[in-house]
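The structure appears below as structure tokens.
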Amino acid sequence: MRRLRGLTPADVLIGIAVGALILAFLYPSLRAWSFRGLVEDVIAEVETLRSGATAVFAQTGAWPTAGAPGRIPTEVSIHFTADSSLVRSDYTLQWTIWEVVEQVIAPASVAPVPFDADAVPDSVEPAVMPVVRHVGGIVVYASDDALLAELLARYGSDVSFVRDTAWTLVVERSGGGP
Amino acid sequence: MAGKRKKSKARKKRKSQASKPEASAKDVEPSADVEPEVVHRPADEESEVIDLTLDDELDDEGARERLIAEALAFVGGVEVEPEDEVGSAEADESAEADESAEANSSVEAGERVEVAPDRSTEIPKLTPAVLAALTAIHREGRVSLRGELVLDLGDATTEEERDRVLAAALAHAEMQEAIYRVRTDTGRARRWKAVVAVAIMLLALATAVSPPGLVVPDPPASLADADRLYGVRVALLLQAQQIEAFRAREGRLPDSVTEVARALPGIRFVKSSGRLYQLVAYAPDGEAIVYDSAAPAAEFEDISNRWVTTRERS
Numbered sequence: 000m001r002r003l004r005g006l007t008p009a010d011v012l013i014g015i016a017v018g019a020l021i022l023a024f025l026y027p028s029l030r031a032w033s034f035r036g037l038v039e040d041v042i043a044e045v046e047t048l049r050s051g052a053t054a055v056f057a058q059t060g061a062w063p064t065a066g067a068p069g070r071i072p073t074e075v076s077i078h079f080t081a082d083s084s085l086v087r088s089d090y091t092l093q094w095t096i097w098e099v100v101e102q103v104i105a106p107a108s109v110a111p112v113p114f115d116a117d118a119v120p121d122s123v124e125p126a127v128m129p130v131v132r133h134v135g136g137i138v139v140y141a142s143d144d145a146l147l148a149e150l151l152a153r154y155g156s157d158v159s160f161v162r163d164t165a166w167t168l169v170v171e172r173s174g175g176g177p
Numbered sequence: 000m001a002g003k004r005k006k007s008k009a010r011k012k013r014k015s016q017a018s019k020p021e022a023s024a025k026d027v028e029p030s031a032d033v034e035p036e037v038v039h040r041p042a043d044e045e046s047e048v049i050d051l052t053l054d055d056e057l058d059d060e061g062a063r064e065r066l067i068a069e070a071l072a073f074v075g076g077v078e079v080e081p082e083d084e085v086g087s088a089e090a091d092e093s094a095e096a097d098e099s100a101e102a103n104s105s106v107e108a109g110e111r112v113e114v115a116p117d118r119s120t121e122i123p124k125l126t127p128a129v130l131a132a133l134t135a136i137h138r139e140g141r142v143s144l145r146g147e148l149v150l151d152l153g154d155a156t157t158e159e160e161r162d163r164v165l166a167a168a169l170a171h172a173e174m175q176e177a178i179y180r181v182r183t184d185t186g187r188a189r190r191w192k193a194v195v196a197v198a199i200m201l202l203a204l205a206t207a208v209s210p211p212g213l214v215v216p217d218p219p220a221s222l223a224d225a226d227r228l229y230g231v232r233v234a235l236l237l238q239a240q241q242i243e244a245f246r247a248r249e250g251r252l253p254d255s256v257t258e259v260a261r262a263l264p265g266i267r268f269v270k271s272s273g274r275l276y277q278l279v280a281y282a283p284d285g286e287a288i289v290y291d292s293a294a295p296a297a298e299f300e301d302i303s304n305r306w307v308t309t310r311e312r313s
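Listed in order, the protein sequences are those of chains B and V.
24 is the number that numbering that gives the first Met the number 0 gives to position 25 of the first sequence; each next residue is one higher, with no gaps.
264 is the number that numbering that gives the first Met the number 0 gives to position 265 of the second sequence; each next residue is one higher, with no gaps.
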């Protein structure tokens with residue numbers, strides 16, 4: 000057969016050009032749509048990990064065991080039914096634990112007793128003592144700066160930060176969502 | 000099998016005629032309507048071949064009318080209607096019975112060309128009956144339905160059989176014409192369509208390279224230098240918390256960051272005394288950011304006030 004029925008080569012050329020134009024118009028939206036899907040995927044996994052870890056902390060008083068990047072803590076593995084890895088094509092998740100020090104008021108038994116000869120001060124700073132506690136941490140490793148920035152914008156800079164190619168979320172006992 | 004042998008033989012003859020135009024001219028009867036496309040062999044040949052080169056003819060307008068007129072001229076006034084199966088059976092019997100009958104039939108066909116009336120203005124319709132005739136003959140393998148139509152009249156020993164084959168030729172011509180009824184652009188239309196296509200292509204290219212704001216959605220968040228600097232400071236503060244936790248637990252400073260529970264990469268630990276230390280990291284612009292445990296910078300105090308380590312204290 001020599002040519003398509005009812006269409007001349009010029010018609011076909013115009014059709015291809017119109018298709019290319021439509022694709023050019025739709026491409027930015029398609030790309031943004033794809034990126035939004037990626038962000039939602041990451042947030043969904045972060046929230047799953049966080050809610051699972053918070054539930055474990057509420058039950059046991061301890062955070063799940065920290066693991067290597069991409070490894071799901073065994074304590075929260077029941078929340079991830081799909082597979083046993085947190086390694087994705089565009090990002091990798093990690094659960095970690097941080098130590099933080101709080102200065103708390105020391106109980107009276109450990110407060111320093113003034114000498115008898117000393118005058119009673121008008122005011123005394125309460126004695127404080129360092130107390131170590133643990134907080135959880137979720138780290139998302141990704142090479143896409145836009146993804147890291149989007150996560151920082153969603154969660155805020157008072158519970159998360161970006162350094163190099165990683166976004167870190169600190170998980171408190173009752174932390175807020177994005 | 001006899002029919003197939005005749006057909007291939009006829010095709011060979013047709014090809015040899017194409018390479019020898021002078022010889023072909025001798026074979027064809029001198030009819031103005033028939034000569035260019037309908038080749039009719041005289042009675043002394045084994046079979047008759049009607050060669051309708053449809054590929055060439057259907058490219059120009061009027062080919063359909065001319066083709067059908069030529070076929071009608073060959074038929075010589077016979078109505079284009081399919082014959083019933085009885086006619087076909089009779090033709091088969093005659094072919095098997097006598098070879099000379101075939102030659103006589105060919106002679107009659109040749110005579111019809113000479114007396115063909117001018118029916119170029121009459122265009123037979125593609126009726127269901129004609130289609131049925133075409134289907135029947137095609138099933139018998141007597142006609143090759145390709146771009147170049149070759150009809151083998153070797154087995155058409157009777158006038159009715161010949162008419163059936165020619166009716167099939169007409170039907171085939173109609174169908175070919177319908178298939179190839181391509182709307183061919185004139186030069187002018189082709190030019191302006193090409194211009195339109197190129198213009199649209201250029202517009203698509205421009206849109207792809209620099210999409211207008213109308214089609215660009217809101218850009219995603221981006222990382223500013225301030226965000227990265229803030230991240231460096233938070234990382235230093237968090238690392239300092241690990242060291243302070245070690246000191247609270249062990250009563251001394253670690254000798255290196257490897258002793259603490261969690262060490263962030265890219266942070267240098269400098270132990271200046273048994274009680275003081277510094278942590279050093281680098282901002283994106285290369286500037287060194289130092290956390291001094293003796294007197295942390297005000298930026299660290301601000302972060303510490305906002306950050307989780309002091310949140311539950313208040």
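From the three backbone atoms N, C-alpha and C, an ideal C-beta is built for every residue, glycine too.
message = Using the three-state DSSP reduction, which class does residue 8 of chain B fall into: helix, strand or coil?
response = The count along the first sequence starts at 1 and reaches residue 8 of chain B at position 9. Looking at residue 8 of chain B - three-state DSSP - the assignment turns out to be helix.
query = What number of angstroms, rounded off, separates the C-alpha of residue 330 of chain V from the C-alpha of residue 198 of chain V?
reply = The requested residue 330 of chain V is not part of the displayed model; chain V covers only 0 to 313.
key: Rounded separation between residue 30 of chain B and residue 185 of chain V - CA only   = Locating residue 30 of chain B in the first sequence gives position 31, counting from the first residue. Locating residue 185 of chain V in the second sequence gives position 186, counting from the first residue. Distance between the alpha carbons of residue 30 of chain B and residue 185 of chain V: 42 Å.
request  = Kindly examine the ligand SAH and report whether one of its heavy atoms sits closer than 7 Å to the Cβ of residue 34 of chain B.
outcome  = Although the ligand SAH was asked about, the structure shown includes no ligands whatsoever.
query = From residue 189 of chain V to residue 11 of chain B, what distance separates their C-alpha atoms?
reply = For the purposes of this step, residue 189 of chain V is identified with residue 190 of the second sequence, where counting begins at 1. For the purposes of this step, residue 11 of chain B is identified with residue 12 of the first sequence, where counting begins at 1. So the alpha carbons of these two residues sit roughly 11 Å apart.
request  = With a 10 Å radius around its C-beta and 16 neighbouring C-beta atoms as the bar for buried, classify residue 18 of chain B as buried or exposed.
outcome  = Locating residue 18 of chain B in the first sequence gives position 19, where the first residue counts as 1. Exposed, since its Cβ has fewer than 16 Cβ neighbours within 10 Å.
inquiry  = Going by DSSP, what residue range makes up the alpha helix (DSSP H) through residue 199 of chain V?
reply    = Here residue 199 of chain V is taken as the residue at index 200 of the second sequence, counted from 1. Here the alpha helix (DSSP H) through residue 199 of chain V covers 186 to 208.
ask   = Between the region 56 to 72 of chain B and the region 89 to 99 of chain B, are three or more C-beta pairs nearer than 8 Å?
value = yes
task = State whether the region 253 to 261 of chain V contacts the region 49 to 63 of chain B, with contact taken as three or more CB pairs (one from each stretch) at a distance under 8 Å.
result = no
ask   = Within the 8 Å Cβ cut-off, does residue 216 of chain V reach chain B?
value = Counting from 1 along the second sequence, the entry for residue 216 of chain V is found at position 217. Residue 216 of chain V counts as touching chain B.
query = Taking the Cβ atom as the reference point for each residue, do residue 322 of chain V and residue 13 of chain B lie within a distance shorter than 8 Å?
reply = Residue 322 of chain V lies beyond the residue range present for chain V, which begins at 0 and ends at 313; the question has no answer from this structure.
ask   = Rounded to a whole number of angstroms, what is the C-alpha to C-alpha distance between residue 238 of chain V and residue 27 of chain B?
value = As a position in the second sequence, residue 238 of chain V is number 239, starting the count at 1. As a position in the first sequence, residue 27 of chain B is number 28, starting the count at 1. Near 41 Å, if we compare the C-alpha coordinates of residue 27 of chain B and residue 238 of chain V.
query = Where does residue 278 of chain V fall in DSSP's three states?
reply = For the purposes of this step, residue 278 of chain V is identified with residue 279 of the second sequence, where counting begins at 1. Looking at residue 278 of chain V - three-state DSSP - the assignment turns out to be strand.
task = Report the residues of the region 53 to 77 of chain B with a CB closer than 9 Å to any CB of chain V, ordered along the chain.
result = 65
task = Look at the alpha carbon of residue 280 of chain V and the alpha carbon of residue 287 of chain V, and state the distance between them as a whole number of angstroms.
result = For this step, residue 280 of chain V is matched to residue 281 along the second sequence. For this step, residue 287 of chain V is matched to residue 288 along the second sequence. Their backbone Cα atoms lie some 6 Å apart in a straight line.
key: Contact belief for residue 219 of chain V with residue 24 of chain B at Cβ below 8 Å, rounded distance in angstroms   = Numbered from its first residue, the second sequence carries residue 219 of chain V at position 220. Numbered from its first residue, the first sequence carries residue 24 of chain B at position 25. So it is not a contact: roughly 19 Å between Cβ atoms.
Contact with chain B by residue 174 of chain V, beta-carbon distance below 8 Å = Residue 174 of chain V sits at position 175 when you count from the first residue of the second sequence. No, its Cβ sits nowhere closer than 8 Å to a Cβ of chain B.
For residue 18 of chain B, three-class secondary structure by DSSP = For the purposes of this step, residue 18 of chain B is identified with residue 19 of the first sequence, where counting begins at 1. Residue 18 of chain B: helix per DSSP, three-state reduction.
ask   = From residue 293 of chain V to residue 133 of chain B, what does the alpha carbon distance come to, in whole angstroms?
value = As a first step, residue 293 of chain V is located in the second sequence; it is residue number 294 there, counting from the start. As a first step, residue 133 of chain B is located in the first sequence; it is residue number 134 there, counting from the start. So the two alpha carbons sit approximately 24 Å from each other.
key: Assigned exposure category for residue 16 of chain B - 16 Cβ within 10 Å defines buried   = The residue labelled residue 16 of chain B in the question sits at position 17 within the first sequence. That one is buried.
query = In whole angstroms, what is the alpha-carbon distance linking residue 142 of chain B and residue 163 of chain B?
reply = Within the first sequence, residue 142 of chain B is the residue found at index 143, counting from 1. Within the first sequence, residue 163 of chain B is the residue found at index 164, counting from 1. So the two alpha carbons sit approximately 9 Å from each other.
message = Is there a Cβ of chain V sitting closer than 8 Å to that of residue 106 of chain B, yes or no?
response = Reading the first sequence from its first residue, position 107 is the one you call residue 106 of chain B. No, its Cβ sits nowhere closer than 8 Å to a Cβ of chain V.
query = Nearest-angstrom Cα distance between residue 167 of chain B and residue 194 of chain V?
reply = Start at 1 with the first residue of the first sequence, and residue 167 of chain B comes out as number 168. Start at 1 with the first residue of the second sequence, and residue 194 of chain V comes out as number 195. Spanning the two alpha carbons is a distance of roughly 55 Å.
query = Quick one: what's residue 86 of chain B bridged to in DSSP?
reply = By one-based count along the first sequence, residue 86 of chain B stands at place 87. Bridge partners of residue 86 of chain B: B:91.
query = Around the C-beta of residue 233 of chain V, are 16 or more other C-beta atoms found within 10 angstroms, so that it is buried, or is it exposed?
reply = Taking the first residue of the second sequence as 1, we reach residue 233 of chain V at position 234. Counting Cβ neighbours within 10 Å, residue 233 of chain V comes out buried, since at least 16 surround it.
Cα-Cα separation, residue 278 of chain V to residue 157 of chain B = Looking up residue 278 of chain V in the second sequence gives position 279. Looking up residue 157 of chain B in the first sequence gives position 158. Residue 278 of chain V and residue 157 of chain B: Cα-Cα distance of roughly 21 Å.
ask   = Using a Cβ cut-off of 7 Å, which residues of the region 209 to 240 of chain V contact any Cβ in chain B, in chain order?
value = 210, 214, 215, 216, 219, 220, 221, 222, 226, 227, 229, 230, 231, 233, 234, 237 and 240
request  = Kindly indicate which three-state DSSP category residue 254 of chain V falls into: helix, strand or coil?
outcome  = For this step, residue 254 of chain V is matched to residue 255 along the second sequence. Correct three-state label for residue 254 of chain V: coil.
key: Contact with chain B by residue 270 of chain V, beta-carbon distance below 8 Å   = On the second sequence, position 271 is the one that residue 270 of chain V refers to. Cβ-Cβ to chain B under 8 Å: no for residue 270 of chain V.
task = List the whole-angstrom C-beta distance separating residue 210 of chain B from residue 45 of chain B, where the pair is believed to meet the contact cut-off of C-beta under 8 Å.
result = Since the first residue shown for chain B is 0 and the last is 177, residue 210 of chain B is missing from the structure and cannot be characterised.
task = Determine the chain V residues that contact residue 152 of chain B at a beta-carbon separation under 8 Å, and present them in chain order.
result = Residue mapping note: residue 152 of chain B aligns to position 153 of the first sequence, counting from 1. In chain order: 220.
query = Out of curiosity, what's the CA-to-CA distance linking residue 100 of chain B and residue 56 of chain B?
reply = By one-based count along the first sequence, residue 100 of chain B stands at place 101. By one-based count along the first sequence, residue 56 of chain B stands at place 57. So the alpha carbons of these two residues sit roughly 19 Å apart.
query = Counting contacts by CB-CB distance shorter than 8 Å, is residue 94 of chain B in contact with chain V?
reply = As a first step, residue 94 of chain B is located in the first sequence; it is residue number 95 there, counting from the start. Answer no: the Cβ-Cβ gap between residue 94 of chain B and chain V never drops below 8 Å.
message = I'd like to know whether the C-beta of residue 265 of chain V is nearer than 8 Å to at least one C-beta of chain B.
response = Mapped onto the second sequence, residue 265 of chain V falls at position 266. True, the Cβ-Cβ gap to chain B drops below 8 Å.
task = Please report the residue range of the beta strand (DSSP E) in which residue 268 of chain V lies.
result = Within the second sequence, residue 268 of chain V is the residue found at index 269, counting from 1. Where residue 268 of chain V is concerned, the enclosing beta strand (DSSP E) stretches over 267 to 270.
inquiry  = Let me see if you follow: with CB-CB separation under 8 Å, is residue 314 of chain V close to chain B or not?
reply    = No answer is possible for residue 314 of chain V: it lies beyond the span of chain V, which begins at 0 and ends at 313.
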